[in-house]
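Here is the structure we will look at, set down as structure tokens.
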Amino acid sequence: MSQGICQISFVLLCKIKVSLSPLCSQGLFGVPELSGPAGFQMAQHQALREAEFLVHKACTHPPGAVTVETFDQLSDSLCRVADLADFIKVAHPDAAFREAAERTCVEIGTLVEILNTNVDLCQSLKNLLGNEAVLATLDSDTRRVAELFMFDFEISGIHLDESKRSKAVALNVKLLDLYHEFLSGSQLPNAIDKQVLPEHIRHCFSIDGNRVQIGGLHADSPNELVREAAYKIFLYPNTSLLLCLDELLACRHELATLVGYESFAHRALKGTMAKTPGKIIRATSRDFKMMKEMKKKAHTTNPEVMPWDHAYLSSAIRTEMFNIDPSVYSPYFSLGACMEGLNRLFMQLLGVYFQAEQPKMGELWSEDVRKLAVVHETEGLLGYIYCDFFRRPDKPHQDCHFTIRGGRLREDGVYQLPVVVLMLSLPPPSGRTPSLLTPSMVENLFHEIGHAMHSMLGRTHYQHVTGTRCSTDFAEVPSILMEYFASDYRVLSQFAQHYQTGEPLPENLVSRLCESKRVCSAADTQLQIFYAALDQVYHGKPQYRSTTDILREVQEKFYGLPYVHDTAWQLRFSHLVGYGAKYYSYLMSRAIASMVWRQCFLQDPFSRVMGERYRREMLAHGGSKEPVLMVQGMLQKTPTIEDFVDALVLDLNANVKSPAL
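Per the working numbering: the sequence shown ends with 1916, consecutive numbering throughout.
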């Protein structure tokens, strides 16, 4: 496919609405049953019937590779419904679809917990893993997947007696409800009588009658009083949500101890970055000093830097030092140009390109969604990416990657192509003006496309370990690595040009932008260490005190700004659900990505040799290989904990720049 044709495709992709074909009308993602909300019940019943058949097959077939394949088919059958429903429940504009998807998530989730304590099913796996003669015939991937399935049984309490297994199932099912309650509550705004707020700042918030609705921190507001009011009101403790979090953490601990662990944190890989924060904490003193000096210039009533000042003052310092104005950059970053830039980058690195596809009627949940086929120059079609890029009412304001269908080698010898969704919150095109991205939006786009390419380029035999279904502290590496490409002028110069004049993005603008990102980055990293440490403490041994008291203590130890009385930031920490005891993974992944960038791509970001090594050593394996072995293969050495910490510190060095062109 020529670059010219490809470029035209992306211009059309990002400017015009999709004309849906009325022929071969389908359901969501081409699943016939999902032409309406009731289809989730049909898809769910079909998955349950398949699960019943596969469980019987696994329990009655002699041990061998077919045992693992049957387990993977079982996982695939349930995941194809649950993963799709998990996305639809948050992204579909129709409440009926969202509610139907939510019910399906609960039903499938409950079944998974029951299967994880099915003694007969587990015994079939034990018969395999306990038979050395049969194990010797298995390849390394098959053996690892078998061990991963067994680990799922073990952490679910398969070794317990029947009554305790039932209790474990009940706790897991209860946790599903608590997760939903906490996540829903963490997104709700707080309301306050408008008379409480000074009249001159009320217009900054949403007003509903006599009540002011505050649904966020307003961290970027130049008005300190607005930032302070938003912080104190949005984070004001919600009694029912505090109880929900207490119950959630207590249930997790009870489940962990029931199945034989010291704490819930012991079920996860413990973070090591939070244990060695010294070098980074030392670097933050400079950052907070700069913030304090910046605040003094504003002649505020409170000269001390407070938590609601961190984001705003960091941005103000960057603007003052480097004159970084997003509106100066946006005209050079039209969405079409950015997608074409990604297309060229992947073609040079990996021999992969994007091709816009025409969706069928009913396949999409919104008319502004775009469908891309990911194609390799010699291997052909690798999978599909649905791009849900634009803001719309009731759509979550978060950037996410969702796996809809995992890749796997089917029993008929055909590879099941992966399907993913990228959900962003970009401004839609307006009239003749295309969607224009700020530098942070460009970085987020590159980040999320990194997740997608991890899914597309994995070619694992089993979907249980496909793409991003890998160790949590490795899953973010491909996406964070893409952020380095998004900050390199050699990459940006291939596509960043003014959408009206065609003028290329000046190199000095990129240099200023890259240098500005390092300003206050030590304080930002310390904040991440605080989050990771809090996550670990919450999931450690119970302390029999409030989560707010724990927050205050951890904040004083790991963060340079004080706790604010009568606030409960932890109630907005939604990552507690998805990352429970693993939030440190962001720091670990950033350290690994930094090392990979510097050693493998800094000299030449388009190196096909390094691109192929990257796919071969890291992307291709998903979770079928130990993360440390993948990192070793890429770096061709074994990194130490000190290497990880040094990599983070090196990123804070403002003198580190890309080689001159």
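Note that the Cβ used here is the ideal one computed from N, Cα and C, for glycine as well.
Being a predicted model, the structure only gives us computed values, none of them experimental.
What does the alpha-carbon distance come out to for the pair H1709 and L1480? 43 angstroms
Go through its chain and collect everything with a Cβ distance to E1402's Cβ below 8 angstroms, but skip five positions before and after it. L1384
Decide if the segment 1598-1618 is in contact with the segment 1296-1309; the criterion is three or more beta carbon pairs, one per stretch, under 8 angstroms apart. no
Quick check: does the Cβ of L1760 come within less than 7 angstroms of any heavy atom belonging to the ligand PLP? Absence of the ligand PLP is noted for the structure shown, with no ligands found whatsoever.
Could you compute how far the alpha carbon of M1545 sits from the alpha carbon of S1582? Approximately 25 angstroms between the Cα atoms of the pair.
Residues near F1657 in its chain [Cβ-Cβ closer than 6 angstroms; skip 5 each side]: Excluding five sequence positions before and after F1657, the CB atoms of its chain that fall closer than 6 angstroms to its own CB belong to F1342, V1676, given in chain order.
Cα-Cα separation, H1455 to D1448: H1455 and D1448: Cα-Cα distance of roughly 15 angstroms.
Does the segment 1867-1874 touch the segment 1464-1471, meaning 3 or more C-beta pairs lie closer than 8 angstroms? Result no; under three Cβ-Cβ pairs closer than 8 angstroms.
Anyone know if the C-beta pair for L1826 and Y1793 falls short of 8 angstroms? no
Which partner residues does I1469 have in the DSSP bridge list? N1445
What separation, rounded to the nearest whole angstrom, lies between the Cα atoms of C1279 and E1288? Here C1279 scores only 48 on pLDDT, less than 50, and its place in the model is too uncertain to base an answer on.
Assuming V1819 contacts P1562 (C-beta within less than 8 angstroms), just tell me the rounded distance between them. 6 angstroms
For P1532, I'd like the list of residues in its chain whose CB is within less than 6 angstroms of its CB, leaving aside the five on either flank, ordered along the chain. Reliability of the predicted coordinates at P1532 is poor, the pLDDT of 40 falling under 50, and the value obtained from them is presented with this limitation in mind. Around P1532: I1784.
Scan the segment 1642-1696 and note each continuous alpha helix (DSSP H) run of 4 residues or more that stays entirely inside, going in chain order. none
What does the Cβ neighbour count give for A1902, buried or exposed, with the cut at 16 atoms within 10 Å? Result: buried.
Please look up how many angstroms separate the CB atoms of L1679 and E1703, rounded, as I've assumed it's under 8 angstroms. 7 angstroms
Determine the extent of the beta strand (DSSP E) in which K1626 is found, giving its start and end residues. 1625-1631
Do H1876 and T1715 have their C-beta atoms within less than 8 angstroms of each other? For H1876 and T1715, yes; Cβs fall inside 8 angstroms.
Residue(s) in a DSSP beta bridge with Q1752: P1759
Where the alpha helix (DSSP H) through T1787 begins and ends: A quick correction: the sequence has Ala, not Thr, at residue 1787. Unbroken alpha helix (DSSP H) run through A1787: 1776-1793.
Nearest to S1840 by alpha carbon, out of D1416, G1291, P1733? P1733
Cutting at 6 angstroms between CB atoms, please list the residues of its own chain near S1461, excluding the five before and the five after it. Contacts found: Q1468.
Whole angstroms is fine: what's the gap from I1659's alpha carbon to V1720's? 14 angstroms
Kindly list the residues whose CB is nearer than 8 angstroms to the CB of Q1603, restricted to its own chain and excluding five residues on each side of it in sequence; keep chain order. F1861, R1863, G1866
If you follow the alpha helix (DSSP H) that E1402 is part of, which residue opens it and which one closes it? 1395-1410
Looking only at its own chain, which residues have a Cβ that is under 6 angstroms from the Cβ of R1745, when we skip the five neighbours before and after it? Once the five neighbours on either side are set aside, the close Cβ partners of R1745 are P1860.
Hey, out of A1485, K1344, Y1608, N1763, whose CA is closest to V1451's CA? The shortest Cα separation from V1451 among A1485, K1344, Y1608, N1763 belongs to A1485.
In angstroms with no decimal places, state the Cα-to-Cα distance between L1907 and C1769. 11 angstroms
Which of the three DSSP states, helix, strand or coil, is assigned to E1618? coil
N-terminal and C-terminal residue of the alpha helix (DSSP H) that S1844 is part of: 1840-1851
Please state whether DSSP places A1337 in a helix, a strand or coil. Note: A1337 maps to helix in three-state DSSP.
For the segment 1287-1332, list the alpha helix (DSSP H) runs that are entirely contained and at least 4 residues long, ordered along the chain. Runs found: 1294-1315.
Tell me, to the nearest whole angstrom, how far the beta carbon of K1837 is from that of T1756; I am working on the premise that it is less than 8 angstroms. Actually they are not in contact, since the Cβ atoms of K1837 and T1756 sit about 47 angstroms apart, beyond 8 angstroms.
Bridge partners for A1836 per DSSP, in chain order? Beta-bridge pairing links A1836 to no other residue.
The segment 1415-1434 touching the segment 1344-1358, judged by at least three CB pairs closer than 8 angstroms: no
Between which residues of its own chain and A1446 is the CB-CB distance below 7 angstroms, once the five residues before and five after are set aside? R1466, V1467, Q1468
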